[in-house]
Amino acid sequence: MQHTLSLIVENKPGVLARIAGLFSRRGYNIESLAVNTTEVPHLSRITLVVKGDEKVLEQITKQAYKLIEVVKVNDFTGVPVVERELALIRVKSDATTRRAIIDLVEIFRANIVDVSDKDLIIEITGDSEKIDAFKKNLEPYGIKEMVRTGKIVMERGLKLY
Amino acid sequence: MLMTVAEAIIKYMQEEEGIEVIFGYPGGAVIGFYDALHNSTLKHVLVRHEQGAAHAADGYARSTGKVGVCIATSGPGATNLTTGIATAYMDSIPIVAITGQVKTSAIGKDSFQEVDTRGITMPITKHNYLITNPHEALRIIKEAFYIAKTGRKGPVLVDIPSDVFLSKIEYSVPSKVDLLGYKPNYDPHPLQIKRAAQLIKEAERPIILAGGGVIASEASQELIKFAEKINAPVVTTLMGKGSIPETHELSCGFIGMHGAAYANYAINDSDLIIAIGVRFSDRSTGKVETFAPNAKIIHIDIDPAEIGKNVNPYVPIVADAKRALERLVEVVEPKINAMWWEKIKEWKTKYPLRYRMSNDIIKPQYVIERIYELTKGEAIVVTEVGQNQMWAAQYYKVKRPRQFITSGGLGTMGFGFPAAIGAQIGNRDKIVIDIAGDGSIQMNIQELATAASERLPVKIFILNNSCLGMVRQWQELFYEKRYSCTLLDVAPNFEKLAEAYGAYGRRVEKIEELDETIEWALNINDSPVIVDIQVNREENVFPMIPAGGSIDKMLID
C-alpha cells in the first residue's frame, strides 16, 4: 500500500542524504520525493511516497525519528488532504492535431506554456490520478518529454467526520 | 579570551566532560589539534593504527561507563576508524570520534587525503557533523557528547577541517543543548507498567531477558531486585552478560546461537518474556518466527524503533531500563514459580555446558576455566571474535556489569586487544585479559607497541588452534569439511613476536604448564604479555543453533 509521509526536518547540510541513506539501507523504496522550505526559515519539509504495510510504515517512521535532524513525521494515509503534483509535458503537435489537444487541455484545466511548429509544452497540476489520466489522453499524439514533481500534500482544514 | 578551536575543544573536553584520556594518531589535517595537545594536560595514547584508537576508546567506554574519545586525521585516518565506529554503533557504545578534514577551501576537490567522512560514517554513527564555521565548534562538540551519552547511546563523529582547528574563537560554551528533533524518553508510561505487572502476575513460566541496555543504563541492581521479587530466571543476551552475577541463583546463562542449552530451552518454553534493553538480534533468537512460540513479550527499550522491529511485543515500554525496573519492582507482586523452577533445574542438570576433557591435549574450554579460577572470576575479560569469544562467554562467569567486553553486534575480529588497552587504561587497578584466537590477534597485533610503550599489563591468552576456528567449524558442519582458506598453518612465533615488541611471551604446549604460565602472566604488572596456548584444532563450540534455525535444530555436542 502507498503511504504519503511528510517529514519536517532541520534545514542542515546533508539532511537529505541522511533520509535517502536511511531509506536505501533499510530497503524502503521511495516512489516520489519533494523537498522544500516551509513557513519556518530553519525547517524544511520532505514529502515522500513509500510503499509498505503497516509494520513497514511503523518502522520507517520510527527509524526516521531516530535521525537527530528529523523533527516531525506525519503519515497522511487516510487523512483528508489536498495533494498536488505538477507536470510539464512536451507533446507533438502540428496544425492537424493542435485543436484536439487544446480541447483536452481545457477539459483538464491545464495550460499551454510554450508553442512551436512541432510541439507544445503543457503545464498541469493536480493529484497523481489526474496527471496520469491527462498523460494517457495525450499519448496518442506522441509525448516527447515529461517532467514531473514529487507529490506535496496539505491536510484539509475542515474535518467532515 | 581568544584561542584556537583545537585549544577550545581540549579545554571543553577536560573541563566540561571530564575527559581524562583520548586515543589517536596524528596526521596532516590534525596537526593543529596535536599542537594544542602538546601544551595541554590531556593524556593522549598514541595507537599504532587508527582502528586501534576507535576500539580502545570503545573498550574504555564499555569498561568505565564514560564516553570514549578517539581522533584521527583525514582520509585514510578516518576510514581506518570506521570499523571501530561501526563496532561501537552496533553495540550502542558512547564514543566521540574527532577526525581532521582537508581545509575548508579544499573540500570537494579530491584533495590530498580527502574523503567524505561525514558521508561514509552516516550509517554507522548516531549522528555526525562537519564543522565549517569555527564559531559553531563548541556548540557542536557539546552536542556530540550529549548525543553520544544520552538516550540510546552511540558513537558521534565530528569532522573538522584543518583550517577550522586553527581558527581563533572566543571560548564560550552554550549553557544547554537545544536539539529540536532529539528528546529521548526515559520515563515509562504508567499504564504500560500496570499492564506489564498484570501479565507478570498471570504468567506461569516467566523469564527475564536482560541485554546490553541494562548495563548501559546502570540498572543491574534494579534488575536483580526485580528478578528476586518475582523469583524469575534471568537469561541474558551476549551483550547483557554481567547484568546479573552469573553465580546468582536466578542466573541461567546467556541465550542464542551458542548459549547454554538450558538457557535456550527456558526462554523457548516460557509463557512470558520480560525483555529489557535487548533488540532480539538474529544471533539471540535464531529463526524469529519460531522463537518462544508461547511467550507473550514485555519489551522495555529506550529506543522506540526497537519495539516491533524483530518481534511483536504484547506490552511495549519505551523507557530507560533503570527507571522502568524501578517502577516495576514497586508494582509487581512476589511470585514463587515453583513448577517452572523444577523444570529449569531439570534442564540445568540434564544439559549443562560441557566438553570432553583430555589429559594430553589442551582443550580451549579448559583454558578458560583455569583462567576463571586463577583470576577468581574478577578479571575484566575482553574477547576477540569467533570460537574464543564464545568459549570465553560460556566458561568465564562474570560477576558485575562492564566486566565482559565483546563485539556482539558487528562481530569485529581484532577488536579485543585494542579494546583491552582501553579497558586497562580506564581500570589501572584491575586485571584485564584478552581472550584471543590466533586469527583475531593478528588483526591488530601492532597495538603491542602501544601497550608496551604505555606499560599496560594487558594479558593476551591466545587459544591457538592454527585455524580460523569458527569458520572452520561451519565448514565442518555445513560445507562437508571443505576447509577453504581457514587453516593458518604458517603462523608467527607469538612468543618471539611479543619479545620483539618489548612485551613478554610464552608458549604453552603441555597441559601441566598451563596453570603455572597463567599465574606467571597474571603476576606481570609492567608490560603486556602473550600466552600462546596450543589447543586442538578440531574443537567445536557447542551447543549450537545453526544460523536461522529453531531450537529443535540445536546441536548439543
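Line by line, the protein sequences give chains E and P. When you read off a place in the first sequence, starting at 1, and then add 989, the result is the number in this note's numbering. When you read off a place in the second sequence, starting at 1, and then add 49, the result is the number in this note's numbering. Each residue gets a CB set at the ideal place from its N, CA and C atoms; glycine is no exception. Given the structure is predicted, the values throughout are model-derived calculations rather than measurements.
- Message: Taking beta-carbon pairs under 9 Å, can you tell me which members of the region 1002 to 1016 of chain E lie near chain P?
- Response: P1002, G1003, A1006, R1007, G1010, L1011, R1014
- Query: From what residue to what residue does the alpha helix (DSSP H) around E:E1043 run?
  - Reply: On the first sequence, residue 1043 of chain E is found 54 positions in, with the first residue counted as 1. Residues 1043 to 1055.
- Item | Test item: CB-CB of P:I490 and P:A468 under 7 Å | Residue numbering aside, residue 490 of chain P sits at position 441 when the second sequence is read from its first letter. Residue numbering aside, residue 468 of chain P sits at position 419 when the second sequence is read from its first letter. Cβ atoms of P:I490 and P:A468: not closer than 7 Å.
- Under 7 Å Cβ-Cβ, which residues of chain P neighbour E:V1060? Position 71 of the first sequence, counting from 1, holds the residue named residue 1060 of chain E. Residues of chain P passing the Cβ test: L229, G230.
- the ligand GDP heavy atoms versus the CB of P:K358: any closer than 6 Å? Judged by which ligands are present, the structure shown has none, so any question about the ligand GDP falls away.
- Rounded to a whole number of angstroms, what is the C-alpha to C-alpha distance between P:G554 and P:E568? Numbered from its first residue, the second sequence carries residue 554 of chain P at position 505. Numbered from its first residue, the second sequence carries residue 568 of chain P at position 519. Computed Cα separation, rounded: 13 Å.
- Unbroken alpha helix (DSSP H) run spanning P:F275, endpoints: Against the second sequence, residue 275 of chain P aligns to sequence position 226. P:F275 -> alpha helix (DSSP H) spans 269 to 279.
- Task: Output yes if chain E places a C-beta closer than 7 Å to the C-beta of P:M171; else output no.
- Result: Locating residue 171 of chain P in the second sequence gives position 122, counting from the first residue. Output row for P:M171: interface = yes.
- Query: Applying the criterion that 16 or more other CB atoms from any shown protein chain within 10 Å of the CB defines a buried residue, is E:R1014 buried or exposed?
  - Reply: Numbered from its first residue, the first sequence carries residue 1014 of chain E at position 25. Per the 10 Å Cβ criterion, exposed.
- Task: Look at the Cβ atom of P:R556, then the Cβ atom of P:D581, and state whether they are nearer than 7 Å.
- Result: Here the question's residue 556 of chain P lines up with position 507 in the second sequence. Here the question's residue 581 of chain P lines up with position 532 in the second sequence. Going by C-beta atoms, P:R556 is nearer than 7 Å to P:D581.
- Query: What are the boundary residues of the beta strand (DSSP E) that includes P:I94?
  - Reply: Working through the second sequence from its first residue, we reach residue 94 of chain P at position 45. Just to set this straight, residue 94 of chain P is Val in the shown sequence, not Ile. 92 to 95 is the extent of the beta strand (DSSP E) around P:V94.
- Message: Given this structure, state the Cα-to-Cα distance separating P:S333 from E:I1141, to the nearest angstrom.
- Response: The residue labelled residue 333 of chain P in the question sits at position 284 within the second sequence. The residue labelled residue 1141 of chain E in the question sits at position 152 within the first sequence. The straight-line gap from Cα to Cα measures roughly 42 Å.
- Message: Classify E:V936: buried if its beta carbon has 16 or more other beta carbons within 10 angstroms, exposed otherwise.
- Response: Nothing about residue 936 of chain E can be reported from this structure: the residues present for chain E run from 990 to 1150 only.
- Query: So what does P:A309 bridge to, in DSSP terms?
  - Reply: On the second sequence, position 260 is the one that residue 309 of chain P refers to. According to DSSP, P:A309 bridges with nothing at all.
- Who are the near neighbours of E:D1083 in its chain, counting only those whose CB is closer than 8 Å to its CB and skipping five residues on each side? Here residue 1083 of chain E is taken as the residue at index 94 of the first sequence, counted from 1. Only D1106, K1107 meet the Cβ criterion.
- Query: Under 7 Å between the Cβ atoms of P:W396 and P:Y528?
  - Reply: Position 347 of the second sequence, counting from 1, holds the residue named residue 396 of chain P. Position 479 of the second sequence, counting from 1, holds the residue named residue 528 of chain P. No, these two residues do not count as a Cβ contact at 7 Å.
- Tell me whether E:R1088 is buried or exposed, calling it buried when 16 or more other Cβ atoms sit within 10 Å of its Cβ. Numbered from its first residue, the first sequence carries residue 1088 of chain E at position 99. Classification for E:R1088: exposed.
- By DSSP, does P:F453 sit in helix, in strand, or in coil? One-based indexing of the second sequence puts residue 453 of chain P at position 404. Three-state result, P:F453: strand.
- Item | Contact residues within the region 1014 to 1041 of chain E, judged by C-beta distance below 7 Å to chain P | R1014
- Message: With distance defined between alpha-carbon atoms, name the residue in P:V360, P:E588, P:V327, P:A354 nearest to P:E338.
- Response: Counted from its first residue, the second sequence places residue 338 of chain P at position 289. When only C-alpha atoms are compared, the closest one is P:V360.
- Kindly indicate which three-state DSSP category P:L39 falls into: helix, strand or coil? The requested residue 39 of chain P is not part of the displayed model; chain P covers only 50 to 606.
- Task: Enumerate in chain order the residues of its own chain whose CB-to-CB distance from P:N129 is below 7 Å, with the five nearest sequence positions on each side excluded.
- Result: Working through the second sequence from its first residue, we reach residue 129 of chain P at position 80. So the qualifying residues of the chain are H98, E99, Q100, A121.
- Query: Can you list, in chain order, the residues of the region 358 to 381 of chain P whose Cβ is nearer than 7 Å to any Cβ on chain E?
  - Reply: K358
- What residues of chain P sit near E:Q1048, judged by a beta carbon separation below 9 Å? Position 59 of the first sequence holds residue 1048 of chain E. A354, G357, K358, listed in chain order.
- Message: Whole angstroms are fine: how far does the CA of E:F1012 sit from the CA of E:R1020?
- Response: Within the first sequence, the letter at position 31 stands for residue 1020 of chain E. Within the first sequence, the letter at position 23 stands for residue 1012 of chain E. With the sequence shown as reference, residue 1020 of chain E is identified as Glu, and Arg is not the correct amino acid for it. Cα-Cα distance, rounded: 11 Å.
- Query: When you compare each of P:S160, P:K202, P:P183, P:I190 to P:T174 by their alpha carbons, which one comes out closest?
  - Reply: Here residue 174 of chain P refers to the residue found at position 125 of the second sequence. Of P:S160, P:K202, P:P183, P:I190, the residue nearest in Cα terms is P:K202.
- Task: From the DSSP output, in three-state form, read off P:L526 for me.
- Result: For the purposes of this step, residue 526 of chain P is taken as residue 477 along the second sequence, with counting starting at 1. Three-state result, P:L526: helix.
- Residue range of the alpha helix (DSSP H) that P:Y444 falls in? By one-based count along the second sequence, residue 444 of chain P stands at place 395. It spans 436 to 444 - the alpha helix (DSSP H) in which P:Y444 sits, taken as one unbroken run.
- Message: Let me see if you follow: with CB-CB separation under 7 Å, is P:H176 close to chain E or not?
- Response: Stepping through the second sequence from its first residue, residue 176 of chain P is reached at position 127. Cβ-Cβ to chain E under 7 Å: yes for P:H176.
- Item | Buried or exposed by the 16-neighbour rule on C-beta atoms within 10 Å, applied to P:S123 | By one-based count along the second sequence, residue 123 of chain P stands at place 74. When all chains shown are included, P:S123 counts as buried.
- Query: Closer than 7 Å, Cβ to any Cβ of chain E: which residues of the region 177 to 202 of chain P, in chain order?
  - Reply: I196
- Evaluate E:L1127 with the Cβ neighbour count: other Cβ atoms within 10 Å of its Cβ, from every protein chain shown; 16 or more gives buried, anything less gives exposed. Counting from one through the first sequence, the residue named residue 1127 of chain E turns up at place 138. Classification for E:L1127: buried.
- Proximal residues, the region 310 to 331 of chain P versus chain E, C-beta separation under 7 Å: none
- Task: Could you tell me the distance, in whole angstroms, from the CA atom of P:G108 to the CA atom of E:S1117?
- Result: Here residue 108 of chain P refers to the residue found at position 59 when the second sequence is read from its first residue. Here residue 1117 of chain E refers to the residue found at position 128 when the first sequence is read from its first residue. Going from the Cα of P:G108 to the Cα of E:S1117 covers about 53 Å.
- Going straight from the alpha carbon of P:G458 to that of P:Y61, what length do you get? In the second sequence, the residue the question calls residue 458 of chain P occupies position 409. In the second sequence, the residue the question calls residue 61 of chain P occupies position 12. Cα-Cα distance, rounded: 32 Å.
- Hey, is E:Q991's beta-carbon within less than 7 Å of any beta-carbon in chain P? For the purposes of this step, residue 991 of chain E is identified with residue 2 of the first sequence, where counting begins at 1. With 7 Å as the cut-off, E:Q991 does not count as an interface residue toward chain P.
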